[in-house]
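Chains as they are written, first to last, in the working numbering: chain A, 178 to 473; chain V, 8 to 292.
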């Protein structure tokens, strides 16, 4: 991997919220792969809900993630950007251990949540996924009613009280800005909704069990611009209640919705910091080149 | 000049091919219409109230009805489904959802494919050896098991294929919400494939309802109306077989009636299948 240099202007330009500081000590690497990434200091002042430490992931023998270390700040939107195949979706899907469903996957390193490594043998993945919800690239409501879609997680948890379920549906649909459009057709098929509505339904479904973290894997890539802007507004609103980690191909989207941005390339975390700093004042040339569209 | 737009030879060929296809289609259709018309013509004259309410009288001149055989086929197919449907579905679930490529799944899949093509008389002989000889005589249970044995591979393979068509995003969404794998399969994946799985089950039922060979060696037949499968058991197909090769005009007529009933039954099953799959399709669109 090429030696990364700090662009000269990183030290001269000073935007509010970014500090001209020398590069911190490199993170000690667990493997041969050097975790040579740059984390902006603003992150240190956040409260973090999740810590990824020296995390590497292999599909069979092919290494997809190289000693990634990053922390996810609480009740902020953190965007993962980078060219296709850089491992950002893989990293996201590791956080709720959804990669477990692929038999050839093996991992090293840790992802710490609530003080425990989620890859510890005794981890209850079912409980973990209740705390860490997920919204997928392709809107995928189940072929059942809107109502049943939203309460799916509550049904799993064994909730039978009709009143509780009805209230949860309203709260989740309001939370996903979908209540007004669906309140008269709650028992109609979810598949009759438009693509954008279906994706917001998936968001409602994910927030209904009140998770702590919401993972979003390119949630707008299958939506038209109007539906996209609605979902983006929603993401900004969700920040008040949830910690959001979002993977996106769309850099304007990352700039619009996120507080922090992590740039990944070839399975490595390159630079991680406040979104405005990453986009206006990246410390590493590689980040700058990607942001400016010179590669990727 | 012959260019791509004026290639009369290939155009003529194309027209000729079209004609040949139509000719053969009409030919096949004509045969089907002929058979059905002949069947209805001969079968209808045998049908009467007695046909559905009487059991065989034993008198070749006045053979009574086929009530016992109609009920018998219902019981046999019902018992076979009771065993074959759950086993077939669970096998299909195993193949599609659990160990898709394990050391066990590939042979199971292969065996299912082979079994689905095994001549049904082989199943009859097997049932005779395993369930008739040890139990000391022809019995309905052996017949039902032989039919179930034919159903299982058909249902297992169709269920597997249909479950594979369920988008993986459903499974991921369910797992990501904290559902266990079993819960995901039984509340999301199977219901999503329900219409087409039911289609497979119905087709398997239609297939075994028309089987004769496996029953000849297992359930045999009975002239009496019985609900006790531990004894020789009546069925439409075997009774048709017995009547059709007999010397008596009246009984051969009865056989035609039986065939008409059987065909109508299978036709109705197929119709139900069509309706169900159409309903499901419009529901998921």
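Just so it is clear, CB atoms sit at the ideal spot from N, CA and C, and this is done for glycine as well. As the structure is a computational prediction, the values presented were derived from the model and not from experiment.
With contacts defined as CB atoms closer than 7 angstroms, residue 435 of chain A and residue 452 of chain A qualify as a contacting pair. Secondary structure remark: continuous alpha helix (DSSP H) runs of at least 4 residues inside the region 202-273 of chain A, in chain order: 265-272. Residue 394 of chain A is classed as buried because its beta carbon has at least 16 other beta carbons within 10 Å across all chains shown. Here the alpha carbon of residue 112 of chain V sits roughly 19 angstroms from the alpha carbon of residue 157 of chain V. Scanning V:210, V:232, V:231, V:243 for the CA closest to the CA of residue 219 of chain V turns up V:243. For chain V, the residues of the region 255-287 of chain A that bring a beta carbon within less than 7 angstroms of one of its beta carbons are 273, 275, 278, in chain order.
Only residues of its own chain outside the window of five on either side were considered, and among them 245, 257, 258, 259, 263, 264, 265, 268, 447 have a CB closer than 8 angstroms to the CB of residue 441 of chain A, listed in chain order.
Inclusion of residue 284 of chain V and residue 191 of chain V in the CB contact set at 7 angstroms is not warranted, their separation being larger than that value. For residue 221 of chain V, the three-state secondary structure derived from DSSP is helix. Here residue 252 of chain V is exposed. Its C-beta has fewer than 16 other C-beta atoms within 10 Å. Sequence-ordered contacts of the region 195-213 of chain V with chain A read 195, 198, 199 [C-beta pairs closer than 8 angstroms]. Of the residues assessed, residue 271 of chain V falls on the exposed side of the cut-off, its CB having fewer than 16 other CB atoms within 10 angstroms. Within the region 413-456 of chain A, the complete beta strand (DSSP E) segments of 3 residues or longer fall at 420-424, 437-442, 445-451, listed in chain order. Contacts with chain V at 7 angstroms (Cβ-Cβ) do not include residue 388 of chain A. If one requires a minimum length of 4 residues, the alpha helix (DSSP H) runs lying completely within the region 205-277 of chain V are 220-223, 243-251, in chain order. 174, 176, 177, 178, 179, 180, 181, 182, 183, 184, 185, 186, 187: these are the residues of the region 172-187 of chain V whose beta carbon lies less than 8 angstroms from some beta carbon of chain A, given in chain order. Taking residue 287 of chain A as the centre and dropping the five residues before and after it, the same chain places the C-beta of 230, 294 closer than 6 angstroms to its C-beta, in chain order. Neighbourhood of residue 190 of chain V in chain A, by CB distance below 8 angstroms: 333, in chain order. In this structure, DSSP gives residue 106 of chain V a state outside helix and strand, which the three-state scheme calls coil. Chain-ordered, the chain V residues with CB closer than 8 angstroms to the CB of residue 303 of chain A read 185, 186, 187. Distance from the CA atom of residue 297 of chain A to the CA atom of residue 284 of chain A, rounded to whole angstroms, is 11 angstroms.
In the structure shown, residue 295 of chain A adopts coil according to DSSP, grouped into three states.
Using a Cβ-Cβ cut-off of 7 angstroms, residue 377 of chain A does not count as an interface residue toward chain V, since no Cβ of chain V sits closer than that to its own. Taking the Cα of residue 71 of chain V as reference, the smallest distance to any Cα among V:265, V:286, V:275 is reached at V:265. Per DSSP, reduced to three states, the secondary structure at residue 471 of chain A is coil, with no helix or strand assignment. Under DSSP, residue 366 of chain A takes part in a beta bridge, and its partners are A:322. Going by beta carbons, residue 204 of chain V and residue 134 of chain V fall outside the 7 angstroms limit. Neighbours of residue 296 of chain A across chain V, judged by C-beta separation under 8 angstroms, do not exist; the nearest C-beta is about 17 angstroms away. For residue 24 of chain V, there is no enclosing beta strand (DSSP E); the enclosing alpha helix (DSSP H) covers residues 15-53.
In this structure, residue 180 of chain V and residue 273 of chain V do not form a Cβ contact; the two beta carbons are roughly 39 angstroms apart against a cut-off of 8 angstroms. Rounded to whole angstroms, the gap between the alpha carbons of residue 124 of chain V and residue 118 of chain V is 10 angstroms.
Per DSSP, residue 401 of chain A is not a residue of any alpha helix (DSSP H), being assigned neither H nor E. The DSSP-derived three-state label of residue 160 of chain V is helix. Collapsing the DSSP output to three states places residue 336 of chain A in coil. Across the region 393-417 of chain A, no CB contact with chain V closer than 9 angstroms is found for any residue. Scanning its chain for C-beta atoms nearer than 7 angstroms, with the 5 sequence neighbours on each side dropped, one finds around residue 167 of chain V the residues 99, 102, 103, in chain order.
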